[in-house]
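Asks: Going letter by letter, the sequence shown gives residues -24 to -1, 1 to 699 in mature numbering (1 follows the signal peptide of the UniProt record, and there is no 0).
What follows is a structure written as structure tokens; I'll ask about it next.
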Amino acid sequence: MEGFAIPLCILSLSIFSILITSNGVDTIATTKSLADGETIVSSGGIFELGFFSPGNSTNRYVGIWYKKILPIMTVVWVANRETPLFDKAGVLKLTSPGILVLVNGTNDIIWSTNTSRTAQDPVAQLLDSGNMVVRNSDDEMKAESWLWQSFDYPGDTLLPGMKLGKNLKTGHEWYLSSWKSDDDPAQGVFTLVLNTQGYPQIFIRNGTNDFSGSGPWNGLWFSGFPATVPGFSYYLNTEEVFYTHELTNTSVVIRSMLTHEGYIKLFVWVDQTRSWLAMGSFPKAGCDMYASCGSYGICIINNSPMCECLDKFLPKYPKDWDRFDWSRGCVRKTPLGCHEGGEDGFVKYSRVKLPDTRNSWFDTRMSLEECRRTCLKNCSCMAYANLDIREGGTGCLLWFDDLIDFKELIGGSGQDIYLRMASSESGVNVAGKDLLSFDLGTSIGADNTTMTEATKPDSNMYLWQSFDYPDDTRLPGMKLGQNLNTGLDQHLTSWRTAEDPSLGEFTYGIENHGLPQLVINKGSTKKYRSGPWNGLRFSGLPRVTNPANQPILEFNENKLISLFPPNNSFIKRSILSQSGFLQHYSLNGKSNTWELMYTAPNDLCDNYGHCGPNGFFPMKRTSCECLKGFTPKSQQEWEVLNWSNGCVRSVPLDCQKGEGFVKVAHVKLPDLLEIQLNTGMGLKECEHECLKNCSCIAYANSNISEGGSGCLMCIRLPDLPRR
């Protein structure tokens, strides 16, 4: 079997200081039962098994949780998730054949394990891996000799050593299933599975419907998950296919969790703060949703609208696309000729997540040229690609149906695929689009236009209007900002809960420290910011391709207002959730349902100050880095993924001896807490002014339109999110 690295988008790191101090019993024998109130603890004191009640429930369950992560009980496995106990009279027993049995106060069996073999002297043992196993007491600790193990029956959590996949000989599947709610561990509607039809790929499913897909494994990662973490492995042979994590560092505890909302949550346990650090979640909005753009449509990250047809394709139903309904996808401009005796060729599409592989065929030994010839000879073959992208590419993957679930990937992490086209259309390589990015210390060109003064609605005659007092929802035409004459501050405020519309703890509005930006605050603490207005857009928000959707900013001495113009061709809204996320929705005219287009914060990089001063989060990485010429302020903190104190210069500044500047490209501009702004100054003058001021540590154009203008001088860099 061949092992590979697997993406962070599926699993997460939990850093946890483990001290081996427990002398508690780690086994249950046939002669000793486990009653409610009693527990067993793994030999290293890492995991504990016993009875518990989740959330606000009074029902009792047998579960496994981390022993030393307190006061938070982090449950990783539940035995009787479908059959709770209603009092504390439950008892967990081990029978002489080697079967674990949970009984209630009247000795009725509530839950039990199974085994195809009979034990001579069975014992149930909780291991330091979190695995509960039943084995013969004199057997060696080898999995093949165990009668039963909890790792074969995952719940909502994946731990190191667990498999996600399928035994191809027995048909047994290892998959995650969500809880129904925080209070009910019964199986919810979402599952995380490794689908083995065609070439294997991961799916999150909502019931029987595909919710999100990973794309196929490409030798380094799953095609739709370009970031990797060492230690995760993928295996495929004639007996089984699965991915797992092979733990080498005993101070690292890894877990991933499928939530009851259908998201894989990624966490890091930070022992210094005694809390879980959220590393992000998947899927995000829009492009991570399965088949968002239909067949031969491609989802463009940070684009609005997010769907386009692949080059040389057209919308199948243009009116649907006008209503943001892309579900029926695209068709070729020129029909294929193969079935009519004509000739076809192939067109190369680059930097994409490969489409759904359920109707595919693969060969690990073929070259790409052999793959092309094989596809060309079969009129039903719609596309081909390398199976493994390492070492220049090897293997062959063929598709035999319409291609669905394309996504453009940024930063060079995507893959090449060759689509069958009519001979008149083939022969041209089609590259993925370049990511629009910003420079710190210089300006870039841009092709978007925007208005600088808002067209005001005819509301001067109103005595009062609800639009002046938003709550958690923003509609087209609503204003966000401050009227500096009247003091009116228009901002969104979250609900307290989904059932309670009273004021919650999150707000969303405009902040102005020289240049305006949009911010989400939790109380008085900043959690997210859009980046400053750069003359065209808020610098950290997705690029808007449709001018009708372009936000308008009115900015003068009396008012500071951000306004989305009304657009009657479709219905949209933004809502600030009670958990502090701004979610943008558009109404699908065909299905009459709201579709989530974009969420902010969108990922870990969007969390305010996540990498600390002079730190940034590279797009293709899974952790923070220091800017060039800087080193971590505390290397020890960085080793446990705590980057909040940021970076310091490797060589201290010496203003008196003369200094210069290093250009840092492709970043959202940092937070403007301490700046000097001069809108009439050019970039060269800006550099000279910054050099003369020993407190000035960076400069940039304040406006990137028309080649760049204005001078923005930064005194310190608290939040430089991504590069």
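All C-beta atoms in this analysis are idealised placements derived from N, C-alpha and C, irrespective of residue type, glycine included.
Counting only the same chain and skipping the five closest in sequence on each side, list residues whose C-beta sits under 8 Å from that of residue 43.
Replies: The residues are -3, 17, 18, 21, 22, 23 and 24.
Asks: Distance check for residue 66 and residue 556, CA to CA, integer angstroms please.
Replies: Cα to Cα, the separation comes out at about 40 Å.
Asks: Comparing the C-beta of residue 360 with each C-beta of chain E, is any distance below 7 Å?
Replies: In the displayed structure, chain E is absent; only one protein chain is listed.
Asks: Quick one: which unbroken beta strand (DSSP E) runs of 3-plus residues sit fully inside the stretch 456 to 513? Chain order, please.
Replies: You should have 468 to 473, 476 to 488, 492 to 498 and 501 to 505.
Asks: Just to confirm the assignment, what range does the beta strand (DSSP E) spanning residue 330 have?
Replies: Element bounds for residue 330: n/a, residue is neither H nor E.
Asks: Which term fits residue 663, buried or exposed, when burial requires 16 or more other beta carbons within 10 angstroms of its beta carbon?
Replies: The residue is buried, with at least 16 neighbouring Cβ atoms inside 10 Å.
Asks: As a quick exercise: from 160, 342 and 175, pick the residue whose alpha carbon is nearest that of residue 30.
Replies: If we check each option's Cα against that of residue 30, 160 comes out closest.
Asks: Write down every uninterrupted run of the beta strand (DSSP E) in the stretch 159 to 218 whose length is 3 residues or greater and which is fully enclosed by it, in chain order.
Replies: Those beta strand (DSSP E) runs which fall completely within the stretch 159 to 218 and span 3+ residues are 160 to 171, 177 to 182, 185 to 192 and 208 to 212.
Asks: Provide the residue span of the alpha helix (DSSP H) that contains residue 350, from first to last.
Replies: Taken as a continuous stretch (DSSP letters only), the alpha helix (DSSP H) holding residue 350 covers 344 to 352.
Asks: Please tell me whether residue 244 and residue 580 are closer than 7 Å, where the distance is taken between their beta carbons.
Replies: Contact: no.
Asks: Considering only their Cβ atoms, is the gap separating residue 178 from residue 267 smaller than 7 Å?
Replies: Taking 7 Å as the Cβ cut-off, residue 267 and residue 178 do not qualify as a contacting pair.
Asks: Let me know the secondary structure DSSP gives residue 84 once reduced to three states.
Replies: Three-state DSSP puts residue 84 in coil, outside helix and strand.
Asks: Between which two residues does the beta strand (DSSP E) carrying residue 46 extend?
Replies: Careful: residue 46 lies outside any beta strand (DSSP E) and carries neither H nor E.
Asks: Check residue 713 in the structure and name its three-state DSSP category.
Replies: With the chain represented from -24 up to 699, any question about residue 713 goes unanswered, as that position is not in the structure.
Asks: Using a 10 Å radius around the Cβ and a threshold of 16 neighbouring Cβ atoms, would you call residue 509 buried or exposed?
Replies: Its Cβ being crowded by 16 or more others within 10 Å, residue 509 is buried.
Asks: How big is the Cα-Cα spacing for residue 425 and residue 28?
Replies: The predicted position of residue 425 is uncertain, since its pLDDT is 30 and thus under 50; a value taken from the coordinates is nonetheless stated next. Between residue 425 and residue 28, the C-alpha separation is close to 59 Å.
Asks: Counting C-beta neighbours from all protein chains within 10 Å, is the total for residue 385 16 or more, i.e. buried, or is it exposed?
Replies: Buried.
Asks: With 16 as the cutoff for other CB atoms within 10 Å, does residue 714 come out buried or exposed?
Replies: Residue numbering for the chain in the displayed model covers -24 to 699; residue 714 lies beyond these limits and cannot be assessed.
Asks: At the level of alpha carbons, what is the spacing between residue 83 and residue 7?
Replies: Spanning the two alpha carbons is a distance of roughly 17 Å.
Asks: Please report how far the alpha carbon of residue 633 lies from the alpha carbon of residue 668, in whole angstroms.
Replies: Cα-Cα distance, rounded: 12 Å.
Asks: Among all the DSSP beta bridges, which residues are the ones paired with residue 689?
Replies: 652 and 675, per the DSSP bridge assignment.
Asks: Just tell me which of 529, 622, 500 and 583 has its CA closest to the CA of residue 457.
Replies: Nearest option by C-alpha distance: 529.
Asks: In three-state terms, what does DSSP make of residue 609?
Replies: If DSSP states are grouped into helix, strand and coil, residue 609 belongs with coil.
Asks: Between the stretch 276 to 289 and the stretch 302 to 315, can you find at least three pairs of beta-carbon atoms closer than 8 Å?
Replies: They touch, by the three-pair rule.
Asks: Pick from 635, 605, 636 and 40: whose alpha carbon is nearest that of residue 623?
Replies: Checking every option, the nearest Cα to that of residue 623 belongs to 605.
Asks: Are the Cβ atoms of residue 75 and residue 59 separated by less than 7 Å?
Replies: It is not a contact, given that the beta carbons lie outside the stated cut-off.
Asks: So the candidates are 134, 323 and 197; which of them puts its Cα closest to the Cα of residue 366?
Replies: Measuring from the Cα of residue 366, the nearest candidate turns out to be 197.
Asks: Check for me: the beta strand (DSSP E) holding residue 285 runs from which residue to which?
Replies: That run of the beta strand (DSSP E) goes 283 to 285.
Asks: Ignoring anything shorter than 3 residues, give me the beta strand (DSSP E) runs that lie fully in the stretch 269 to 306, in order along the chain.
Replies: Runs found: 273 to 276, 283 to 285 and 289 to 291.
Asks: What is the DSSP secondary structure of residue 632, counted as helix, strand or coil?
Replies: Residue state, collapsed to three classes: helix.
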